[in-house]
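What follows is one structure encoded as structure tokens, with my remarks underneath.
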Amino acid sequence: MISYLGILQGPLGGHLLGAEGLMPGEKPQALLNTLQRLVNDIPAGSHSATAKDRSVLIALMGDIGAILSDTTTGIERTKEQNQQLRKWIPRLLGLAHPAAESMAATTELGGSGTIGPTKKQERIKPPNEQPPRTGIHNLGRQADDLLGIAQSQRLLPSRWDVAQLKTERVNTTDEPLVAHMSGTQAETLAVWDMLRGEQKPFTQVMDTFREQSSNTNDPMAYLPPRERDARYARAAGTAAFLISNGYHSAVEVLGGTLAYTGQDGQSAVGSRQDIAHLCGQGAATALVCELLNSQSSSRY
-9 MISYLGILQG
1 PLGGHLLGAE
11 GLMPGEKPQA
21 LLNTLQRLVN
31 DIPAGSHSAT
41 AKDRSVLIAL
51 MGDIGAILSD
61 TTTGIERTKE
71 QNQQLRKWIP
81 RLLGLAHPAA
91 ESMAATTELG
101 GSGTIGPTKK
111 QERIKPPNEQ
121 PPRTGIHNLG
131 RQADDLLGIA
141 QSQRLLPSRW
151 DVAQLKTERV
161 NTTDEPLVAH
171 MSGTQAETLA
181 VWDMLRGEQK
191 PFTQVMDTFR
201 EQSSNTNDPM
211 AYLPPRERDA
221 RYARAAGTAA
231 FLISNGYHSA
241 VEVLGGTLAY
251 TGQDGQSAVG
261 SRQDIAHLCG
271 QGAATALVCE
281 LLNSQSSSRY
């Protein structure tokens, strides 16, 4: 797809190739090379794709989701470039369903305004020096050392504006907080689902569960085991990406993870709170760790 965008290749990769991206200062061709390594790495681990390559792919899906949702910030793109990207991306991806409608439904269910209703009031991003960081609160290197992660499978440091959250929220939440509740996860998963041809990206399980008058407590009971596991894997992949790069913590991705798997955590906390009010004393980390462990391969 990217090779067909012509002069829009740079604007599409504006975040990835920019100062706060995973490929700062690189050219669009480097992104194409990364994607080709991933294509050659099917099945996973058969060739030379790295942890950074996989991280770049997930980041690209998130960037596409932000473009289609018109939520991109901090990127030097003109209004016309954004409009052209929103026009051409669905065509080049061959999406079976209107992207604008899909992203609107995604935002309503898993956008930061839904799962983090007080985010704008409780978070600011003042300009800062943007030193290179790895992992949550820059503890990624120590975590990799403790886990014995091979250097070839470690994520490289990246730079971004550190968010400042209200002291009250931090003091009343045992879980680490980084940037408040993540709407990026929903946008990323929606694009992932679009690429798979799903009719209702991101919202399918929740929509189906709400439509069925079933007494089951398992929203994904109707899915075949293989598809259930695949959906958990996609949720785990996006959560792992955001956590390992240090963009969000476990409690900040739990809301999106629950929504994607058909569990309406927001209804339990109300319209003025978020999942951290319910699970921010350790439950979020336990739940997300369980998900990541269940979807991890011993090969890595």
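Its first residue numbered -9, the sequence shown is counted upward by one per residue in this note's numbering.
In this text, a Cβ means the ideal position worked out from N, Cα and C, and glycines have one as well.
- Beta-bridge partners of I114 (DSSP): Q154.
- With respect to the 8 Å criterion, G236 and T124 are classified as neighbours on the basis of their beta carbons.
- Closest option to E91, judged by alpha-carbon separation, among E16, R221, L58: L58.
- Look at the stretch 211 to 278 and you find these whole runs of alpha helix (DSSP H), each 4 residues long or longer: 215 to 234, 240 to 250, 255 to 259, 265 to 269.
- Residue pairing of R123 in beta bridges, as defined by DSSP: S148.
- Runs of the alpha helix (DSSP H) spanning 4 or more residues and lying entirely within the stretch -6 to 46 occur at -1 to 2, 18 to 30, in chain order.
- The continuous alpha helix (DSSP H) containing R81 extends over residues 69 to 83.
- Within a 10 Å sphere around the beta-carbon of E119 sit fewer than 16 other beta-carbons, which makes this residue exposed.
- Straight-line spacing of the CA atoms in L129 and E201 works out to 43 Å.
- Taking the C-beta atoms as reference points, Q154 is found no nearer than 8 Å to I105.
- Of the residues T206, F192, A211, the one whose Cα lies closest to the Cα of R224 is F192.
- For L179, the enclosing alpha helix (DSSP H) has its first and last residue at 174 to 185.
- Note on L137: under 16 other CB atoms within 10 angstroms of its CB, so exposed under the neighbour-count rule.
- Taking C-alpha positions only, M93 is separated from G55 by approximately 8 Å.
- Each residue's CA atom was taken as its position, placing G270 and P209 some 23 Å apart.
- Between T228 and T275, the gap from beta carbon to beta carbon reaches 8 Å or more.
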